[in-house]
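Chains as they are written, first to last, in my numbering: chain A, 1 to 167; chain U, 1 to 167. So the structure is just underneath, and the comments pick up after that.
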């Protein structure tokens, strides 16, 4: 048996009835800013050191097409076919590994490169939804968190139906 | 390099400000029943085929003692030291692996054995919190979902701060 290749990215998927994510914390008397989605998919994404630009389209293709969203008939379809909203949350903590009683993040990508891949990931998700006629007709949205922020999240599910996919 | 041993269990941790989980769906005119926690830890747990009873105390020990909960001073401490509530959610979908555009669950433990380990896991978490004087003084709670149910969840976070730990 060959040794498993270390993952280059890790995505966590949860199903949303509605979700609200802070994209700017409150400061200097200004209220916090939030984005919101309704029914659809919450994607938590974390890149590891070996991730590169070529990987991004593969991840987007998988996550938008994997059949994990329940439609009115109880069938599982892709978020594109639902069609549903998408909320993207950068989540570096997903790359952690326990050592003793602490988590270490040695395998995580460095911050600048991570931001670059995250931005590409968001842009490509937006593009894919915009290119999908079902999504456009239904007026579904892609929303996303601010890389590097604390991801203050309120999530309402009909079953989080949590899946992990590594790349 | 040796081939990685397949995981026997997978736990996903998210931090809660408050969380509400349905433990009985509405039926025959009776309203749904929910459990609720306040600040603390949400544990999604999934057992794979090779999991056994010896593994349960190891998982409980790790999850209750790993320092992932933020206290008032911004330090990360264990949920026992916070002290915080614990919400346990059985989440078989976490064991899925993509094949084409569908997820497969071939590595998951069989249902009966999974229920047995899940029950032991819940009981041991309850015992550990009950044995901890800080937790007892603060009156924190362990709540848990019903194995096999749809886990209808509402989660309010100050940052889900999502971690994956495999055993």
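Just so it is clear, CB atoms sit at the ideal spot from N, CA and C, and this is done for glycine as well.
Contact set for residue i: own chain, Cβ-Cβ below 6 Å, skip 5 residues either direction
i	result
residue 165(A)	11
residue 53(U)	none
Top-ranked residue by Cα proximity to residue i, from the options
i	options	result
residue 81(U)	17(U), 129(U), 20(U), 28(U)	129(U)
residue 135(A)	64(A), 15(A), 13(A), 7(A)	64(A)
residue 137(A)	125(A), 85(A), 8(A)	85(A)
residue 78(A)	77(U), 98(U), 66(U)	98(U)
residue 16(U)	83(U), 58(U), 26(U), 60(U)	83(U)
residue 25(U)	113(U), 148(U), 159(U), 162(U)	148(U)
residue 36(A)	88(A), 163(A), 115(A)	88(A)
residue 76(U)	103(A), 62(A), 61(A)	103(A)
Backbone secondary structure at residue i - three-state DSSP
i	result
residue 57(A)	helix
residue 40(A)	strand
residue 67(U)	coil
residue 19(A)	strand
residue 92(A)	helix
residue 115(U)	helix
residue 151(A)	coil
residue 76(U)	strand
residue 121(A)	helix
residue 12(A)	strand
residue 82(U)	coil
residue 49(A)	coil
residue 32(A)	coil
residue 110(U)	coil
Residue i versus residue j: straight-line alpha-carbon distance, rounded
i	j	result
residue 143(A)	residue 8(U)	35 Å
residue 145(A)	residue 58(A)	21 Å
residue 125(A)	residue 123(U)	42 Å
residue 119(U)	residue 67(A)	30 Å
residue 105(U)	residue 29(A)	49 Å
residue 162(A)	residue 34(U)	20 Å
residue 94(A)	residue 160(U)	10 Å
residue 62(A)	residue 90(A)	17 Å
residue 132(U)	residue 150(A)	30 Å
residue 13(U)	residue 96(A)	11 Å
residue 121(U)	residue 38(U)	21 Å
residue 5(A)	residue 116(A)	23 Å
residue 101(A)	residue 127(A)	41 Å
Sequence-distant residues of its chain with Cβ nearer than 7 Å to residue i (five each side left out)
i	result
residue 167(U)	7, 8, 9, 55, 58, 59
residue 140(A)	40, 83, 84, 85, 129
8 Å Cβ cutoff, residue i in contact with chain C
i	result
residue 163(U)	This model lacks chain C altogether, as its protein chains are A and U.
Cβ-based neighbour list, residue i, same chain, cut-off 8 Å, excluding 5 preceding and 5 following
i	result
residue 92(A)	46, 105, 108, 114
residue 32(U)	22, 24, 25, 26, 152
If we count Cβ pairs, one from each stretch, closer than 8 Å, do we get three or more for the region 31 to 44 of chain U versus the region 71 to 82 of chain A?
no
Count Cβ pairs between the region 139 to 156 of chain U and the region 21 to 31 of chain U that sit closer than 8 Å; are there 3 or more?
yes
So does the region 93 to 109 of chain U actually touch the region 48 to 56 of chain U, counting three or more Cβ pairs closer than 8 Å?
yes
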